[in-house]
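Numbers given in this note's numbering equal positions in the sequence shown, counted from 1, plus 107. Before any comments, here is the structure.
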Amino acid sequence: MPAPEAGALAGTHVRLVGLRKAFGAAVAVDDFSLDIGRGTFTTLLGPSGSGKTTVLRMLAGFVEPDAGSVVIGGMDQTGRPPNLRGTGMVFQDYALFPHMTVRANVEYGLRMQRFAKGTRAERVERALELLGLRGLAARFPHELSGGQQQRVALGRVIVLEPQVLLMDEPLSNLDAKLRVRLRAELKSLQRQLGITTVYVTHDQEEALSLSDQVVVIDGGRMQQAGAPEDIYRRPANRFVAEFVGQANVLPVEVSAAASGQRPLASAGGAGALSTAHGGHAATGGGVMTTAAGSPLAVRLPDERRPSAGARGVAMVRPEHVRLAPLGPAAAAGTEDGSWRCPAKVVSRGYFGAYARYWLELDGVPEPWLADVPVSESGDEARQALAPGTAATVSVGAGAACWLW
């Protein structure tokens, strides 16, 4: 039995330290470190080929790292076989035995580990009840829906009572509506069991809705780890901003750093930014200028505040962009601290709960998006701006975020 790791953080259940894995000349994961709290739901999120599944497989013991260590429950598990790590894996394809009933599939792992008959029966019944499968226990996999098969695969793992539950894109083969419903069920089950869960997906909405912690991976490296709200509202860099949701970007330059100012948001204060067109205005958090239009207030990171003269990018989410027909009232001043810029409507798309506008902004090199809520009365549709319409976009003070 390996000795416990000295100095393990209280509450930390899984610790990955400096993991590296290469397949030939291709480096799949490089210098990857992460702490996962006991009983939490952590999602590894990234595009195809980002290294997220390789990280999961190193944690499970299916892939040995070239460097680094895997610590579970304070014990170094690096080099130990998967069946001795206290982990359980739910695979993307479920891997159910077609010739076995639901009950036999769920019981299979317990049989292989030679649990007593009474213990097997008790655990299987509990899992079937928990997953809503009791009435389906005598059916075979081909007689089940995709969602029911997913529950069977999950039941086969949880009856083994692993310390850590690992899930490799388990919902990816299901249709969109079923995925949404099963997300809620999976989250509720994880909370009920209190089991530490590590989940892999490329679906941003899935990651945000399920997780206590989201870890964004690209090119084999961690780009950012944090609560879903932090990942979405305060992305660490442009990749995270554009991969997790939609992002409007605006080149900016810091013209005066804010020091001791009132924060615009809990994550950071405000600074003074300038852009090609210049201009200054006082705001509650600092003095701002922007690349186009009127002054823009931008949240700056506390931990790495840019100095005066630094160039970067400001990011605004489409739902924080307000859109109005161009006119004297809309284009006037900045009394409320909003940033305003003339724009032209390129196209409009209807998405049910909101309408999305594609826009060209004066002096801004990249196109922008604006998501306008659709009310029950349908006011947005009656007031829709046609392609080619001149408009004004505005962004409220503090809605923009600085990106390095």
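Where is the CB? At the ideal position from N, CA and C, for every residue including glycine.
In the structure shown, the three-state DSSP call for SER316 is helix. LEU141 is a Cβ neighbour of MET329, given a cutoff of 8 Å.
Going by DSSP, ALA450 is part of the beta strand (DSSP E) stretching over 446-457. The Cβ atoms of ALA417 and ALA507 do not sit closer than 8 Å to each other.
With 16 or more other Cβ atoms inside 10 Å of its own Cβ, LEU278 counts as buried. Check the Cα spacing between GLY253 and each of LYS284, GLN270 and THR226: the tightest is with LYS284.
Pairwise C-beta distances place the region 309-322 in contact with the region 149-160, as three or more of them are shorter than 8 Å.
With 16 or more other Cβ atoms inside 10 Å of its own Cβ, PHE139 counts as buried. Per the coordinates, the alpha-carbon of GLY326 lies some 21 Å from the alpha-carbon of ALA334. By a beta-carbon distance limit of 8 Å, ILE338 does not contact GLY153. Their separation comes to about 12 Å. Per DSSP, LYS294 has no beta-bridge partner at all. As a beta-bridge residue in DSSP terms, MET274 pairs with VAL197 and TYR306. At a cut-off of 4 residues, the continuous stretches assigned as alpha helix (DSSP H) that sit fully inside the region 129-181 are 159-167.
Between LEU433 and ALA497 a beta carbon distance of about 4 Å is seen, short of the 8 Å cut, so the two are scored as contacting. Around the beta carbon of LYS224, fewer than 16 other beta carbons lie within 10 angstroms, which makes this residue exposed. In the assembly as shown, ARG340 is a buried residue. Its beta-carbon has 16 or more other beta-carbons within 10 Å.
Taking all protein chains in view, the Cβ of PHE350 is crowded by 16 or more other Cβ atoms within 10 Å, so the residue is classified as buried. One thing to note: LEU235 has its Cβ within 8 Å of the Cβ of GLY262. Under the 8 Å Cβ criterion, the region 181-190 counts as touching the region 160-171, having at least three qualifying pairs. With respect to the 8 Å criterion, TYR461 and VAL481 are classified as neighbours on the basis of their beta carbons. In this structure, MET196 is the residue among MET196, PHE247, LEU300 and PRO342 with its C-alpha nearest to the C-alpha of GLU276. If you draw a straight line from the Cα of LYS451 to the Cα of PRO494, it comes to about 8 Å. Take LEU468, set aside five residues on each side of it, and the residues of its chain with a beta-carbon closer than 7 Å to its own are ALA399, CYS448, ALA450, TRP475 and VAL500, in chain order. MET329 is bridged by DSSP to ILE324.
For PRO335, the uninterrupted alpha helix (DSSP H) run begins and ends at 335-340, by DSSP.
Sorting ALA132, VAL307, ASN280 and ARG192 by C-alpha distance to the C-alpha of TYR201 places ASN280 at the top. Contact check for GLN256 against LEU300 fails: the beta carbons are separated by 8 Å or more.
Less than 8 Å separates the beta-carbon of ALA244 from that of THR208. Counted as a single uninterrupted DSSP element, the beta strand (DSSP E) harbouring ALA421 occupies residues 418-423.
Per DSSP, GLU229 lies in no beta strand (DSSP E) segment; the continuous alpha helix (DSSP H) that holds it begins and ends at 224-237. The C-alpha of GLY175 is placed about 23 Å away from the C-alpha of SER155. Here ARG227 really is in contact with GLU214; their C-beta atoms are around 6 Å apart, less than 8 Å. Taking PHE222 as the centre and dropping the five residues before and after it, the same chain places the C-beta of ARG230 closer than 8 Å to its C-beta, in chain order. Per DSSP, the beta-bridge partners of PRO432 are ALA498. For VAL471, there is no enclosing beta strand (DSSP E), since its DSSP letter is neither H nor E. PRO189 carries a helical assignment under DSSP once its states are collapsed to helix, strand and coil.
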